[in-house]
Amino acid sequence: MIADHRPRVPILDVRDLAIVYATRQGDVPAVRGVSFDIRRGETLGIVGESGCGKSTVAFGIVNFLGANGKIVGGEILFQGQNLVGRSEDDLRKMRGDRIAMVYQDPMQALNPSMRLGDQMAEVLIVHRGMDRKAAEAKCIQMLERVYMPDPANVMKRYPHQISGGQQQRVVIAMALLNDPALLIMDEPTTALDVTVEAAVLDLIADLQRDFDTAIMYISHNLGVIARLADRVAVMYAGELVERAAVGDVFLRPYHPYTQGLMRCVPRLGQDKSSSYLYPIPGRVPSPQALPPGCVFEPRCAFARRACSQHRPALREVAAGHWTSCLFAEEIAEQGWQPPAPAGKEPLRAAPAVSAAADRPILRVEHAQTFYRVPSRRLFGGKQYVRAVDDVSIAVRRGETLGIVGESGCGKSTLVKTIIGLETPTAGTFEFMGVDIAQPVSKRSLDILQNLQMVFQNPDSTLNPSFSVGVQIGRALRRFKKLPGREVRAEVIRLLDMMKLGERYYDRLPRQLSGGEKQRVGIARAIAGRPEVVLCDEPVSALDVSVQAAVLNLLLEIQQQMGTTMLFIAHDLSVVRFFCDTIAVMYLGQIVEIGPAEAIYAPPYHPYTEALLSAVPIPDPRVEQARIRLSGTVPSALHPPAGCRFHTRCPRKLGAICETQTPPWQVAEAGQRIFCHIPVAELSKMASVITLKEAPHAG
Amino acid sequence: MTVNAPGISAAARPRWWRRIWSGLAVLFASKTAVVGLAIVLFWVVAALCAPLLTPYSPTAQDYQAQNSGPSAAHILGTDDLGRDIWARLLYGARIVLIMLPVGEHFWLPLGTAIWGVLLGLIVGCTLGLVAGYLGGWIDEVVMRVLDALMAFPVILLYMIIIAAVGASATNVVLAIAIVGTPGIARLVRGLTLDIRTRDYIRAAEIRGESKLYIMFVEILPNARGPIIIDAMLRVGYAIFAMGTLGFLGLGLPPPSPDWGSMVAAGRRYILAGSPWAALWPSLAIASLVVGLNLLADGLREESMRYQ
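Top to bottom, those sequences are chains A and B.
For the first sequence, the numbering used here begins at 1 and goes up steadily by one.
For the second sequence, the numbering used here begins at 699 and goes up steadily by one.
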């Protein structure tokens, strides 16, 4: 429950809101019967998967629905006045400068051809009638408030001259300039790296405390919502299915959909040998074909006759806890049993245990991959982006190596070099005892077959012109030399293995959802039964419920075929869950590598420590140490001398870090740390993540 | 989108049928495209059924009726030699749209304009794919040569080519192809540069596919939309160019019914009071070009909206 000292009248009160989009096939309902309120100084988190209507609600409030969207029912009371059905002019006057919005992409909110100072001052000059001097002074003050370094200087710059995290700070500062009563934030940190995201989330929390603004925070990321929100509203297929205080939603969810969501995200600290992810079966119904009863009924494990007959309304099941499920109490009481069928017990690690004596199947030593860039000066010498600089890894058969790091750390380049899409500058690359330091076009068919890859973006992983069956069949024909007639049967076997089935054989990629495309991409990669599969962020573009299904699939493949995997990700919980060994990369180098459980416990490399303290964890009980990195990642054109992390390291020792390359130190738990600080010293660190005991933890 | 329904009836139909159907659905969704299609179809049907639509031969001369206006006997009138203009237009459309005369008694199906564009497409797509996918110095060389070709004014280029190889239907095809190639290559190169960054091209590369396979099987089918629309516009330009060449006396040799040379022959009598011989072929050229443009524009608009 929320402390009750706040005034009772909500800033925003949305009642039974319904929004449709007009299309060629008629009106499509995007939002139906959504009700919630936000009080002063409160943050309401709206969470849901893509396409569930959470952004549409936000656009409905500020009347940005576009030409084909319209509100067809309900009311939006802002400070007591209804915004629905008013003319554009009335709205402008009523809303005035009292509602501000922050979007996902800061570049969409900033005018690229205007100096930041001019854009910010304009807000005050137009809305408040301030003179230029006073406006600029207020802007600088506001930039200081959002912890922008050197604000006077930033005022003179253009948007492209500052980093993404800084751009988002400027947008937030701009939104706050008018002291809005309601701040709507639509995935403001989704495009940012974890460490930057953490800093922006801290900032939002601080601002909320100081300004007492009501915040409506939209995100698909349960971890972010858990960290920031006071109350949470869960949306599914255009409806609000559950609404309660943050602790209640995460720890005692009533609605089967919310429960399902909680089960399919790996908690930091879980791994594949001790737990299992339970994806939600089926897919989100399309808005044209919504089920007549409860929207979640077709995917619900508890569905009964009554569920499919009429739409359940939101009702209060406990103090302040609203849900739309008809049988919420019963379901909460009886608890959830994992589905019984075989194969659902936790997956044992692949047989890598005895492999210690084996030669590694893939060995990379002192790898360097540089990109040549033209010099800015006319007669300047050659310049190189040192994307991967002196990286060594060894992967044993059946093992899964996870590579984590923020964008630009070189993890993708490393994988592309191994697969042969980039040519290495130096280093040894050995795969199954064969030297593979060569581009893909020079490799033998045998190497190609045994080294395959799964890509990140589901929309570009499949060729839009060919059916699923043809694309998987092509890989089979290349590698298996099967007689033509057997190819089809083998493709269908693979589709079955991907839990897609024969009916997908003739479908074109545009007829598939993101998760299905990704499965086809995986089927294509494993068609030739490769020894090693490189996975480049295979689940990061997917919704959480789909992500769990794809991860399970990869685990099953590994279990059945003993495939070795290299798994790139930026989500530390996913990597922890999925991988046996983890390498943490920073600016082209590995800073820490070792067994997964060792990486997530002290001693840490200072960068790992900062990453772990930044990762959003979907559990409001978790307390994380607040370690934030200052500055931005230096350019890989001129990486810092000595330890590359010294420019941002909170534990920097002194001159030694700036001049000397750190030594590799081996810690007790088996991980190797690339740092000057002695291991004994690092071991004294406190654990970054602690579970704070809730009064009734279950 | 209708394609999402995995209904039995949809699955029972063959895939090519569904593809054609979805293509037609796009076409009929746009009024512009439908109007364009109607004009183009009118000329195609007229050309195909020419002997049924007129009793006259395009070369038969009627000395009783020279430069006569429209009448019951000659619905569009006759030219200076007393030849029926309607018949000449119909047989002229044949050469443009449905047959390419090669030699005395031999002809190929599909018209001169269409063959010219097809030939340009084959060469242009190949060069564009090679330049865009392989990149590097090959790209530089190919594109600079094509740029040089593009630097010539189009009419001048046509005249140079025809003057060099002589006026005949096959040589007009050659000229249309040569003039069209740089533009097509540039378009395809641009599309290739975009498509080659997609992950499915990476997947083909790590499967060890040959460069030819990647260019023609993985990339080209995904560039087809803009290429088809561009080709329709190009057929229009080619018809226009044929008219121009004919007008300048570089078209098909005299007795054959060439729209451009009909305008050239008729223009002398405009001020003498019989504008018909120049007017009708001019209208024919204009309507066909406008029809093709409308068709292409409508398709482009509609396919853009789908994205």
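Note that CB positions come from ideal geometry on N, CA and C, so glycine has one too.
No experiment lies behind these values; they were computed from the predicted model shown.
Can you tell me whether residue i is buried or exposed, with buried defined as 16 or more other CB within 10 angstroms of its CB?
i         : result
A/Val-666 : exposed
A/Gly-433 : exposed
A/Tyr-213 : Here residue 213 of chain A turns out to be Thr, not Tyr, going by the sequence shown. Result: buried.
B/Thr-752 : buried
B/Phe-804 : exposed
A/Pro-341 : Reliability fails at A/Pro-341, whose pLDDT of 45 lies under 50, so the model's placement of it is uncertain and no value is given.
B/Trp-714 : exposed
A/Pro-678 : exposed
B/Phe-726 : exposed
B/Cys-747 : exposed
A/Ser-55  : buried
A/Pro-778 : Residue 778 of chain A lies beyond the range of chain A shown here (1 to 698); nothing can be said about it.
A/Asp-4   : With a pLDDT of 49 at A/Asp-4, under the threshold of 50, the predicted position of this residue should be treated as unreliable, and no value is reported.
Starting from the C-beta of residue i, find all residues in its chain whose C-beta is less than 6 Å away, skip the five residues before and the five after it, and write them out in chain order.
i         : result
B/Arg-781 : Gln-759
B/Leu-992 : Thr-730, Val-733 and Gly-734
A/Arg-98  : Pro-180 and Ala-181
A/Glu-345 : Unreliable positioning characterises A/Glu-345 in this predicted model, as indicated by a pLDDT of 48, which lies under 50. A coordinate reading is not provided.
A/Lys-652 : His-646
Straight-line CA distance for residue i to residue j?
i         : j         : result
A/Thr-258 : A/Leu-277 : 14 Å
A/Cys-535 : A/Glu-333 : 40 Å
A/Ala-367 : A/Gly-405 : 17 Å
A/Ile-157 : A/Pro-106 : The sequence as given places Arg at residue 157 of chain A; Ile does not occur at that position. Roughly 15 Å between the two C-alpha positions.
A/Ile-689 : A/Ala-610 : 11 Å
B/Ala-641 : B/Val-871 : This structure cannot speak to residue 641 of chain B, because chain B is shown only from 699 to 1005.
B/Gly-792 : A/Ile-522 : Residue identity check: residue 792 of chain B is Arg in the sequence provided, not Gly. Their backbone Cα atoms lie some 53 Å apart in a straight line.
A/Ala-100 : A/Gly-26  : 32 Å
B/Leu-847 : A/Ser-113 : 38 Å
A/Ala-596 : A/Arg-267 : 14 Å
A/Tyr-236 : A/Val-249 : 14 Å
B/Ala-901 : A/Gly-654 : 47 Å
B/Ile-858 : B/Gly-944 : 14 Å
A/Ser-286 : A/Leu-512 : 13 Å
A/Ala-356 : A/Ile-184 : With a pLDDT of 48 at A/Ala-356, under the threshold of 50, the modelled position of that residue is not reliable, and the figure given next carries that caveat. If I take the Cα positions, the gap works out to 53 Å.
How far does the alpha helix (DSSP H) with residue i in it reach, from first residue to last?
i         : result
A/Phe-59  : 54 to 62
B/Ala-867 : 867 to 893
B/Thr-810 : 810 to 832
Could you give the residue range of the beta strand (DSSP E) that holds residue i?
i         : result
A/Met-685 : Premise fails: A/Met-685 is in no beta strand (DSSP E) and is neither H nor E.
A/Phe-78  : 69 to 78
A/Gly-600 : First, the residue type needs correcting, since residue 600 of chain A is Tyr and not Gly in the sequence shown. No beta strand (DSSP E) holds A/Tyr-600; DSSP gives it neither H nor E.
B/Pro-799 : 797 to 800
A/Cys-535 : 532 to 536
With a CB to CB cut of under 7 Å and the five nearest residues on each side skipped, what residues in its chain are close to residue i?
i         : result
A/Leu-228 : Thr-43, Gly-45, Leu-201, Ile-204, Ala-205 and Tyr-217
A/Ala-135 : Ala-121, Leu-124 and Ile-125
A/Gly-699 : Residue 699 of chain A lies beyond the stretch modelled for chain A, which goes from 1 to 698, so this question has no answer here.
A/Phe-578 : Lys-272, Thr-400, Gly-402, Leu-551 and Phe-567
B/Ile-718 : none
A/Val-146 : Arg-169, Ile-172, Ala-173 and Leu-203
A/Tyr-504 : Val-468 and Leu-495
Closer than 8 Å by C-beta to residue i: which residues in its own chain qualify, once you throw out the five before and the five after it? Chain order, please.
i         : result
B/Met-699 : At B/Met-699 the pLDDT is 37, less than 50, meaning the model places this residue with poor confidence and gives no usable figure here.
B/Phe-914 : Leu-827
A/Ala-313 : Gly-33 and Ser-324
A/Ile-140 : Pro-151, Ala-152 and Met-155
Taking a Cβ distance cut-off of 7 Å, strictly less, list which residues of the region 678 to 692 of chain A are near chain B, in chain order.
Of all residues in the region 678 to 692 of chain A, none comes within less than 7 Å of chain B when Cβ atoms are compared.
Using a Cβ-Cβ cut-off of less than 8 Å, list which residues of the region 439 to 462 of chain A approach chain B; keep chain order.
Within the region 439 to 462 of chain A, the residues whose Cβ lies closer than 8 Å to some Cβ of chain B are Val-440, Ser-441, Arg-443, Leu-445, Leu-448, Leu-451, Gln-452, Met-453, Phe-455, Gln-456, Asn-457, Ser-460, Thr-461 and Leu-462, listed in chain order.
Quick one, which residues of the region 874 to 897 of chain B are near chain A if we go by CB-CB under 9 Å, in chain order?
Residues passing the 9 Å Cβ filter: Thr-895, Arg-896 and Asp-897.
Any C-beta of chain B within less than 9 Å: which residues of the region 401 to 425 of chain A qualify?
Within the region 401 to 425 of chain A, the qualifying residues are Lys-416, Ile-419, Gly-420 and Leu-421.
Residues in the region 838 to 859 of chain B having any Cβ partner in chain A nearer than 8 Å:
Cβ proximity to chain A below 8 Å picks out nothing from the region 838 to 859 of chain B.
Can you pull out the residues from the region 105 to 137 of chain A whose beta carbon lies closer than 7 Å to at least one beta carbon of chain E?
Absent from the structure: chain E. Protein chains present are A and B.
For the region 35 to 58 of chain A, which residues have a beta carbon sitting closer than 9 Å to at least one beta carbon of chain B?
Result list empty, no residue passes.
Just by C-beta distance, which residues in the region 904 to 933 of chain B are closer than 7 Å to chain A?
Within the region 904 to 933 of chain B, the qualifying residues are Ile-904, Arg-905, Gly-906, Glu-916, Pro-919 and Asn-920.
Contacting positions in the region 518 to 540 of chain A - beta carbon closer than 7 Å to chain B
Going along the region 518 to 540 of chain A in chain order, one finds Arg-524 with a Cβ nearer than 7 Å to chain B.
With 7 Å as the C-beta to C-beta threshold (strictly closer), list the residues of the region 464 to 484 of chain A near chain B in chain order.
Within the region 464 to 484 of chain A, the residues whose Cβ lies closer than 7 Å to some Cβ of chain B are Pro-464, Ser-465, Ala-475 and Arg-478, listed in chain order.
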